[in-house]
Structures are given as structure tokens and as C-alpha cells.
Amino acid sequence: MAEKYYITTPIYYPSGNWHIGHCYTTVICDALARFHKMKGEDVFFLTGTDEHGQKVEKEALKRGITPLEFIDPLVSQLKDMWRLLDVDYNRFLRTTDGDHVKCVQHIYQKLYESGDIYKAEYEGYYCTPCEAFWTESQLKEGKCPDCGRPVTKQKEESYFFRLSKYAPRILKLYEDNPQFLQPTSRVNEMVNNFLKAGLTDLSVSRTTVKWGIPLPFDERHTAYVWIDALSNYISALGYGTDDDKLYKTYWPANLHLVGKEIVRFHAIIWPAILMALGEPLPKQIYGHGWLLIGGEKLSKSKENARPELTDPYELVKRYGADAVRYYLLREIPFGSDGEYTTERFLLRINADLANDLGNLVSRTQAMVWQNFEGKIPPCGEKEPLDEELISMCETLFERIDADMGALNAPEALSEVFALVARANKYIDETTPWILAKDPAKKARLGTVLYLLAEVCRMCAVALKPFLTVAPKKILRSFSCDENAGFESLKFGVLREGDAVEKLPPLFPRIDVKKELAAVEKFVKEHTPAASRHPEPTTCPPPASGGGVGEGVRPHSPQITIDDFSKVELKIGEVIACEKVAKSDKLLHETVKIGEEVRSVVSGIAKFYTPEEMVGKKVVVVTNLKPVTLRGVLSEGMILCAEDEAGNLCLLSPEKLVESGAVVK
Ligand code: MSP
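If you count by this note's numbering, then the sequence shown holds residues 390 to 1053, one letter each, in order.
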């Protein structure tokens, strides 16, 4: 029977301001899941959204909509982002899903009945953005020790979980099983910062938060969001329900991969809950490092995530999913933090993908066409140099398997690219262009090109867990099965005479200097002025001129009615409006368009106050791709007329018309 592999990402807050840092955990999980699948294991890969709690409740209230009306479009966006990045999960769990809600209630009931949950009064501090409780002594200068933001004092009736009781068992768990929490530096953090001082019991219910799962034994209370969220790892498998087949099959998880800031919840609270339930513990929790900007965590709340530069939708559109995945999987030493800059991103994809891999494939295919009419040549006698290259190919899997066993995708990729580099050097050493000049050397030339084609094929197979587009293209171009697994990482698979396709450049080379200048110009033009036209396709084309991004379409003086009908225009009613923080030009409107409610950012703050906007009927472009501007989601564009002096004036229907009416 195939070995089971259960891997999870954290479930994401429906914040809507996703940046490339958010993609880090999930892309790594996806690569691990794909790797284990290719090894023939039975993989279950879970991700989802963490939808309850005070943050969502407040945001929805502010907009005058229900929490679900607020969350649903954000969940679709997150799913879109995973689709764009080719993230292939088995389940996307929402904590508002019925089976999850039932499971959380089951967990609370069980712990209440066993005496691990009891009623008392909570007095302490709460950080809403982190959804975390703190005691006075844990605060840093009166603020949240994790994020540095203000906390609120809370005093309310609450149910408590006997976390204190489990501290000794958790310490012993770390001692007996060093693999449980990795990297080891995280163990020291947990022990020194939390466990050494002893744990206090944890408040696990709220009476003041309505947007949560009601406790089965006391409906006035809702579940604490972190207990709700952590339970997703077993609720997704049907734990506590009549249909727990998946739970019996896949639990315990092989890996919970999480960012280091949420290790505390995963490595202390989660095992304690499972211990209290009498259930097995996950095999490993790994707390990875962060993508930083200017030395600080790339974060929506720190406002260092310039959406123009860090928005995954933009990056994928501009450079392709493979480039973004490659950067995330290759650049940052696993377990450590890494500084994110556009330059480093571009240099990395240019050097490895465009130059090394792209060149190897295009040189090989060009030579096969020049000398063997686009057919796989016969492989003749091999020389020691060939044997060395073959052995490097045939031992590749062992090396990447060891690296991926240690979750080390950067190292695994560096093994593949060491082979790419070796093959490029082999071209220089064997000088096929000289062999080609001498008809007597044709057999040798065939062998050299056969070997090179084999290296291209094997690199493509080895890259499949990491990149999802280029490897398949490469395999198809050598007449190979794009579904080939690791068993094909052996020499001699290519068949003499099979067709070889000459691929266009897999990764167009980027002129980094020009590209950086283009991006900088784009940012200048679009912050905040772009807010009037918050449409992602306004991004300039890559400086390479090569077809990765879409780029600006040239302005055409005339369009047909079909062109015009592509733009969806509707009447919307502004139901809430506020200024966008730290911007003197941007307003953030909540617009009701028929039954739907959207968040829209527009550059009209100099011409209208938020108060003036509320109640206005406006014309909205409703089929623009969403973007984030100054960290705020914009799902459309409000139309204005602009005079020569740059003054803006809203367009409104001249008669009473319902919101949602189509403009044509
Ligand atoms: N909802 C909680 C998790 C509950 S799991 C039971 C949460 N959500 S999150 O949306 O804030 O974060 C999701 C993931 O994105 C986390 O793994 C987090 O560490 C990761 N990242 C967010 N910003 C990041 C960087 N700048 N760099 C790397 N990963 C980061 O936490």
C-alpha cells in the first residue's frame, strides 16, 4: 500500500491584501506535495481560510454588510491566487464550512466533559490583529509583543482550557522527539519564552465576539479563533463526525508548515489540545522564516508591501507562475529570513531560468535540428566524460530526495541546477559545433546530443514538483510523457528518431536594468495616481520585450462595439467610504452593486470627502481584475470625467435607477 503523506498550510485570514510573502508557505507545501506524489505516495494537501473572529466582524460592520458578504469575494480571490500559482490542494477548508463547525463543537464538548475546559473570568489583554491573549507582564511597552500594536484590556466571563496541565508533557515531547519542532532554534524560543515560566490556562471562548462558532454547552460564548483555526487540520478529515475515513487514513499529519510567528500556537496549544483529546500528534511542525523588505517582515500591516511590487497577481502576470514559484522555492535558505527585492527576484530568474536552463534546452534543440533534422540522434559509444554526466543524472534523485526529506527545496533545486550547469559546461568541453564540421565525427556528435537531450529530459522530470509549466513543455518537446515520474530518472529513455520540437525561449531573458527602470516608472506613475485606474493590465511590458507579461496595449483610436462590450459597467451605490491611510489622494468606497458589495479604491480624495460619497450612485467598471492599492483591495473602478486642469467629477445617472443597473 502506498505510503500516506498529509501536509498542511496554515489557513489564511481573509484579509485580501495578499503579497508574495503570503505565497511562501503554500508554494513550498505545494512543491512538497507534488514531490511526494511523484514518489508514488498517497498525498493529502490541505489549505483554506480562517474566517471567524473580531477582525472580520469589525470589518464587515464597518461596511454595513454581513461577515460572509465581506469574506466570500476574498476567498474567491485567494483561490484565484492559488490557481494562478498552480497550487494543487486536495481540500480548501473554510472555517465556516458546516463539517468544520460541527467538528469544533465536538472538540469543545469532549474537552468540557473531560474537565479540560472550565468556566472562569478572563482578565487580561487582547491583540485583535493577532487574535492573541496576553498577560500584563508579557506586553512590550504596553503593546502586543508579536506585532507591536495596541492591545485592549478585557474582562469577561470565559471558558478556559487547562493548558498549564500540559506544559511538562510538551517539554518532554520536545526532548524525546527533536523532529517534532524544527528548526531547533524554534524549540529554544518556545522553551525560553513560554514553557520555562510555566503556562497559564488559556481563555478559549468569547462572549463579546458574535462572529464565531457557538459553544455547544453554552451558546452565549463563541470559540476562540485559534482553537477554531487549529482544529481545521483534523476537521478537514472528518474527525468527530460519522464519516472519519479520511481521518483514519491520513492523521497524524506528516507536516504542518507555518511561518515562524505562529509556531507558538502550533507547537504549544495544538499538541496540548490533541493530548487532551487523546489523539496522536502531528509528526512535524516546521516554522519557516519570512520574506523581508528593508529588514522587516513583508506585511500588510507594516505597509511595506508596496502592492505594485509584491502583488502575486501582478508578478505572475508579468513573469509567469514558474518564475514566481522558482524565486520562492530557491532564493531563501530554508528556515531563515530573506530580503525581497525586485532586483534579486529578476536576477534569480534571469540567471537560473533564462540563462542556465533556457540556454541548455535551446542550444540542445537547435543543434538537434541543425544536425539531425529535428530527430533524437542515436547514442553511440560513450566516453568517460559522458559517463560522468550520466552518473550525475542517475544519482540526482537520491540527492533531491534527501534534500526534500529535510524540506529543503532550495538545496534540491540547487542540485538540479548544478546538473544544468554541468551540462552547459559539457557543451563547451565537447564542442559539438566543431564535431559538426567533420562528417567522420557524426556518430560522436549524435552521442553528445543524445546525452544533452537526456539531461534536458531528466532535469525537466526533476523540476516537476517545483515548476509547473516549463518542465511539461520540455518533456513534450522531446516527445516524452509529461506525466513521467521519478522512475524515469535513468539514462536511455529517449528513443532514437523521435521528433524534437524547437521551443521558443522558455524564459525570455530580462534586461534587469531596463526592467527595474520600467517598474520604478510604473510605481511612480501609479502611486497614488494609478488609483484612478487601478487596473493591473496597465503594468508596462517586461523590458525583455518577450512574451511573459501582457504589458500595455497600444492606445487604439477606434474600437468596435465588440471591444466596447468587453467592459462591464454598472450602477453602484456607495454605502460606506473612508480615506486610505497615508494617502492624500485615495478614498476607499464600499459599493453596493445589485446584490453584490465591493471594495473600490479611487483617486478622488482631493475632490470629494468620504461623507459626500456615501449615498452617491456612481458608474462602476465591474469586470476589472482586482488589485490592491496601498494595501486596500480594489474590485472595480468608479468612472469620473477629468477636465484639462485635472479636476475630477463623478459620473452619476441623471434619473433614479436601482444599483446593479447595467450601463451600456
Ligand atoms: N490564520 C492564521 C493561521 C491559522 S493556522 C491554524 C494566519 N494567517 S495569515 O494569513 O496571516 O498567514 C498565512 C501564512 O502566510 C503564514 O504561514 C504566514 O507565516 C505566512 N506569511 C505572511 N507573511 C509572510 C512573509 N512576509 N514571509 C513569509 N511568510 C509569511 O497566520
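Note that beta-carbon positions come from the ideal geometry of N, C-alpha and C, so glycine has one too.
Along the beta strand (DSSP E) that carries D431, what are the first and last residues, could you check? Numbered from its first residue, the sequence shown carries residue 431 at position 42. It spans D431 to T438 - the beta strand (DSSP E) in which D431 sits, taken as one unbroken run.
Cβ-heavy atom distance, L680 to the ligand MSP, below 7 Å: Locating residue 680 in the sequence shown gives position 291, counting from the first residue. Answer for L680: yes, Cβ within range of the ligand MSP.
Got a sec: does the ligand MSP put a non-hydrogen atom nearer than 7 Å to the Cβ of L619? Taking the first residue of the sequence shown as 1, we reach residue 619 at position 230. Yes.
Sequence-distant residues of the same chain with beta carbon closer than 7 Å to P1015, five excluded per side: For the purposes of this step, residue 1015 is taken as the residue at position 626 of the sequence shown. Hits under 7 Å: Q466, L1022, S1023 and E1024.
Enumerate in chain order the residues of its own chain whose CB-to-CB distance from L824 is below 6 Å, with the five nearest sequence positions on each side excluded. In the sequence shown, the residue the question calls residue 824 occupies position 435. For L824, where only same-chain residues beyond five positions count, the Cβ hits under 6 Å are K830, R833 and L834.
Would you mind sorting I721 into buried or exposed? The rule is 16 or more other CB atoms within 10 Å of its CB. Walking along the sequence shown from the start, residue 721 turns up at place 332. It counts as buried.
Run the CB neighbour count on T979, radius 10 Å, all protein chains shown included, and call it buried at 16 or more, exposed below. Taking the sequence shown and counting its residues from 1, one reaches residue 979 at position 590. Per the 10 Å Cβ criterion, buried.
With a threshold of 7 Å, establish whether the CB of D439 neighbours any heavy atom of the ligand MSP. Here the question's residue 439 lines up with position 50 in the sequence shown. The answer is yes for D439.
Going by the CB atoms, is the gap between S620 and D590 shorter than 8 Å? Translated into positions along the sequence shown, residue 590 becomes position 201. Translated into positions along the sequence shown, residue 620 becomes position 231. No, these two residues do not count as a Cβ contact at 8 Å.
C1038, DSSP secondary structure in three states: Within the sequence shown, the letter at position 649 stands for residue 1038. Looking at C1038 - three-state DSSP - the assignment turns out to be strand.
Of the residues S688, V956 and K981, the one placed nearest E962, counting alpha carbons only: One-based indexing of the sequence shown puts residue 962 at position 573. For E962, the nearest C-alpha among the options comes from K981.
Three or more beta-carbon pairs under 8 Å between the segment 885-904 and the segment 856-876, yes or no? Under the 8 Å Cβ criterion, the segment 885-904 counts as touching the segment 856-876, having at least three qualifying pairs.
Do W615 and F583 have their C-beta atoms within less than 8 Å of each other? Here residue 615 refers to the residue found at position 226 of the sequence shown. Here residue 583 refers to the residue found at position 194 of the sequence shown. It is not a contact, given that the beta carbons lie outside the stated cut-off.
Is it true that the CB of Y413 sits closer than 8 Å to the CB of L717? The residue labelled residue 717 in the question sits at position 328 within the sequence shown. The residue labelled residue 413 in the question sits at position 24 within the sequence shown. Yes, these two residues count as a Cβ contact at 8 Å.
Can you round the beta-carbon distance between K491 and T630 to whole angstroms, since I take them to be within the 8 Å contact cut? Counted from its first residue, the sequence shown places residue 491 at position 102. Counted from its first residue, the sequence shown places residue 630 at position 241. Approximately 6 Å separates the beta-carbon atoms of K491 and T630; this is inside 8 Å, confirming the contact.
Beta-bridge pairing of W523 - partner residues as DSSP gives them: By one-based count along the sequence shown, residue 523 stands at place 134. Per DSSP, Y514.
Coil, strand or helix - L808 by DSSP: Working through the sequence shown from its first residue, we reach residue 808 at position 419. Three-state DSSP puts L808 in a helix.
Between which residues of its own chain and L562 is the CB-CB distance below 8 Å, once the five residues before and five after are set aside? What you label residue 562 is simply residue 173 of the sequence shown in a count that begins at 1. Within its own chain, the residues whose Cβ lies closer than 8 Å to the Cβ of L562, once the five positions on either side in sequence are excluded, are F569, P660 and L670, listed in chain order.
Contact under 8 Å by Cβ, I623 with Y613: As a first step, residue 623 is located in the sequence shown; it is residue number 234 there, counting from the start. As a first step, residue 613 is located in the sequence shown; it is residue number 224 there, counting from the start. Taking C-beta atoms as the reference points, I623 and Y613 fail to come closer than 8 Å.
The beta strand (DSSP E) with V963 in it runs from where to where? Stepping through the sequence shown from its first residue, residue 963 is reached at position 574. Secondary structure note for V963: its beta strand (DSSP E) is the uninterrupted segment L958 to K968.
Heavy atom of the ligand MSP less than 7 Å from the Cβ of I674, yes or no? Along the sequence shown, one-based indexing puts residue 674 at 285. Distance from the C-beta of I674 to the nearest heavy atom of the ligand MSP is not below 7 Å.
Looking only at C-alpha atoms, which of L735, L450 and L1028 sits nearest to P897? As a first step, residue 897 must be located in the sequence shown, where it is residue number 508. When only C-alpha atoms are compared, the closest one is L735.
Classify G763 as helix, strand or coil using the three-state DSSP reduction. The sequence position of residue 763 within the sequence shown is 374, counting from 1. DSSP places G763 in coil when its eight states are reduced to three.
I want to check one thing, is the minimum distance from the CB of K686 to the heavy atoms of the ligand MSP below 7 Å? Position 297 of the sequence shown, counted from the first residue, corresponds to residue 686. Taking non-hydrogen atoms of the ligand MSP into account, the C-beta of K686 is found less than 7 Å away from one of them.
V837, enclosing alpha helix (DSSP H) - first and last residue: In the sequence shown, the residue the question calls residue 837 occupies position 448. Judged by DSSP secondary structure, V837 falls within the alpha helix (DSSP H) whose first and last residues are K831 to L852.
First and last residue of the alpha helix (DSSP H) that includes Q543? For the purposes of this step, residue 543 is identified with residue 154 of the sequence shown, where counting begins at 1. Careful: Q543 lies outside any alpha helix (DSSP H), inside the beta strand (DSSP E) at T541 to F550.
Any heavy atom of the ligand MSP inside 7 Å of the beta-carbon of T731? Against the sequence shown, residue 731 aligns to sequence position 342. No, since every heavy atom of the ligand MSP falls outside the 7 Å radius drawn around the Cβ of T731.
Extent of the continuous beta strand (DSSP E) run through Y401: For the purposes of this step, residue 401 is identified with residue 12 of the sequence shown, where counting begins at 1. Element bounds for Y401: n/a, residue is neither H nor E.
Distance, Cα to Cα, C928 vs S526? Counting from one through the sequence shown, the residue named residue 928 turns up at place 539. Counting from one through the sequence shown, the residue named residue 526 turns up at place 137. Residue confidence for C928 is low, a pLDDT of 33 falling below 50, so the modelled location carries little weight and cannot support an answer.
Residue range of the beta strand (DSSP E) that E978 falls in? Within the sequence shown, residue 978 is the residue found at index 589, counting from 1. Per DSSP, the continuous beta strand (DSSP E) segment holding E978 begins and ends at L976 to I982.
Enclosing beta strand (DSSP E) for R480 [first to last residue]: Position 91 of the sequence shown holds residue 480. From DSSP, the beta strand (DSSP E) with R480 extends over R480 to R483.
Contact under 8 Å by Cβ, L1018 with V986: Locating residue 1018 in the sequence shown gives position 629, where the first residue counts as 1. Locating residue 986 in the sequence shown gives position 597, where the first residue counts as 1. Cβ distance not < 8 Å, so L1018 and V986 don't count as in contact.
In the DSSP assignment, the beta strand (DSSP E) including T414 goes from what residue to what residue? Stepping through the sequence shown from its first residue, residue 414 is reached at position 25. It is not in any beta strand (DSSP E) - T414 instead sits in the alpha helix (DSSP H) that spans I409 to M427.
Beta-carbon spacing of Y1064, T541 below 8 Å: The chain is shown from 390 up to 1053; residue 1064 falls before or after that span and cannot be answered.
Taking 7 Å as the line, does the beta carbon of V647 fall inside it for any heavy atom of the ligand MSP? Residue mapping note: residue 647 aligns to position 258 of the sequence shown, counting from 1. If you check the C-beta of V647 against the ligand MSP, you find a heavy atom less than 7 Å away.
By Cβ distance, which residues of its chain are closer than 8 Å to E732, with the 5 residues on each side in sequence left out? Start at 1 with the first residue of the sequence shown, and residue 732 comes out as number 343. Closer than 8 Å at the Cβ level, and outside the excluded window around E732, lie V901 and L905.
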